[in-house]
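If you want our numbering, it's the position in the sequence shown, counting the first as 1, plus 1. For each residue, glycine too, the CB sits at the ideal point set by N, CA and C. Here the structure comes first, spelled out in structure tokens, and everything after it is commentary.
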Amino acid sequence: MKVTHLACIAPPETGGIGQVAYDEVMGLRERGVDARLVSSGNGWTRGMDQVLAEKSDVVYRLPSIIRVGNAALIRGLGRVVQDADIIHLHYPWYGVAEFLLSARPKKPVVVTFHMDASASDLRGVAFAAHRYLLQSRLLRNASRILVSSRDYAEHSSLAPLLSELGDKIVQLPFALDTDFFSPSEQKAVSHDKGAHILFVGGLDKAHHFKGLPLLLRALTALPKSITLKIVGDGGERARFEKDVVALDLVSRVAFLGRVSREALRDTYRDADVLAFPSTSVAEAFGLVALEAQACGVPVVASGLPGVRTVVQDGETGILVSPGSAEALTKGIMELCTNQEKRQIYAKNARVHALQGFSQKTHIDKLLEVYQAL
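Put into structure tokens, the structure is as follows:
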């Protein structure tokens, strides 16, 4: 079986869509499936023969004719997917979705519906136009549509189509390597001088919904012994750094930038609480929240559709009203000042990750989907 995954980004670029696609491809390859991931690069003057010669065994980066954010028109896609038995699109990927609609490949197309993209500028208008004009056609043409949770699907732009699509919709929660993302045996019971909060997310316009400004406002109302580490980078980092200065938080906030996978795991392990303050339904799941829980770290998260299937309120963390700095402050304060509760939630979080989100179970079900086509 040959399966070609299509995703707008791929590691080492950071982002949930690319990480999910890459992990699925690697998991499939471990089962003997000839799987690969196609993403976009920059530049379009190189010939396709050169591009294919430079490919890795796992990731093909095709040259972009035009790339705006993660949307792209790329060269050579038809040639790369022509020998695939199954095409698996990680949606949204604007530009490539249009290609699949126009090419109408005579082979099964699986679509993972990751999220409803959102933006407050002209991009938001373009996203809405795509959903109105093209999204329903793409999904009707698909052989299967995978969703990370039924909860999110019912509150997304998919909702009006759920009855029509029927059995095409398959719930398949995202997963992770729980052997890699695991608690540290050496972690101290607590930090001597307060509590450490962690935030992980892109610091760019594409990830405006991650809620970092909200978290910074919440931090101003927390005791000075509570500090924050921020993992991530992007074009908005300088603005956030200025906000930290303006809010008089310089001594309490550390920007770590992009870090390696190993460093990210270690940073999770050192945290007392992960803050996941996303503000809109552009946040569909919460892979970061899952990684933290696998490392035995409780989470304070916005109670959004999809996210509330990842974080169990009162068991592995606390769900708060989206967009409320006051609720976020209260939730963080509750865990940072109650060591016993924090330890109970930490143990529950690890069990929750193991029982509901193992990579093995995820790949098993993905293979069942493919084999049924």
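_8 angstroms contact criterion, which LEU248 and LEU217 should meet: CB distance rounded_ = 6 angstroms
_Through-space distance from PHE286 to TYR95, alpha-carbon basis_ = 20 angstroms
_Terminal residues of the alpha helix (DSSP H) in which ARG262 lies_ = 262-271
_Reference ALA118, options VAL112, ALA104 and PRO93, closest by Cα_ = PRO93
_contact_flag[the region 3-12, the region 158-167] where n(CB pairs < 8 angstroms) is 3 or more_ = no
*Rank ALA143, ALA154 and GLY17 by C-alpha distance to the C-alpha of LEU101 and give the top, closest one.*
ALA143
*Beta-carbon proximity check, SER322 vs GLY304, cutoff 8 angstroms*: yes
*asked:* So if DSSP puts LEU229 in a beta bridge, which residue, or which two residues, is it bridged to?
replied: ILE198 and VAL254
*beta strand (DSSP E) segment containing SER40, residue limits*: 35-41
*Excluding sequence positions up to five away, which residues of its chain have a Cβ less than 6 angstroms from the Cβ of VAL97?*
LEU7
*asked:* Alpha carbons only, please: which of ILE227, THR310 and ASP314 is nearest the one belonging to VAL301?
replied: ASP314
*With respect to the alpha helix (DSSP H) encompassing ALA207, which residues constitute its N-terminal and C-terminal limits?*
Note, ALA207: premise wrong, no alpha helix (DSSP H); not H, not E.
*Spatial neighbours of SER359 within its chain, please: CB distance less than 7 angstroms, with the 5 preceding and 5 following residues excluded, ordered by chain position.*
ALA176 and THR179
_Backbone CA spacing between ALA196 and LYS225 [nearest angstrom]_ = 10 angstroms
*Who does PHE114 pair with in a DSSP beta bridge?*
TYR92 and VAL148
*Kindly provide the ranges of any alpha helix (DSSP H) runs that are 4 or more residues long and lie completely inside the region 302-357, ordered along the chain.*
308-311, 326-337 and 340-357
_Same chain, Cβ closer than 7 angstroms to GLN172, five either side skipped, listed in chain order_ = VAL148, SER150 and ARG151
*Taking Cβ to Cβ, would you say LEU215 is nearer than 8 angstroms to GLY42?*
no
_ILE231 versus GLY17 - alpha carbon distance_ = 17 angstroms
_Using only CA atoms, which one of LEU223, ARG238 and ILE170 lies nearest to LEU213?_
ARG238
*If we call anything under 8 angstroms between Cβ atoms a contact, is GLY318 one with TYR346?*
yes
*Close Cβ partners of ARG32 (< 7 angstroms) along its chain, the five nearest in sequence each way excluded*: ILE364 and LEU368
*asked:* Run through the DSSP bridge pairs and tell me what HIS156 is partnered with.
replied: In the DSSP output, where bridge partners are listed per residue, HIS156 has none listed.
*Closer than 6 angstroms by C-beta to VAL289: which residues in its own chain qualify, once you throw out the five before and the five after it? Chain order, please.*
VAL201
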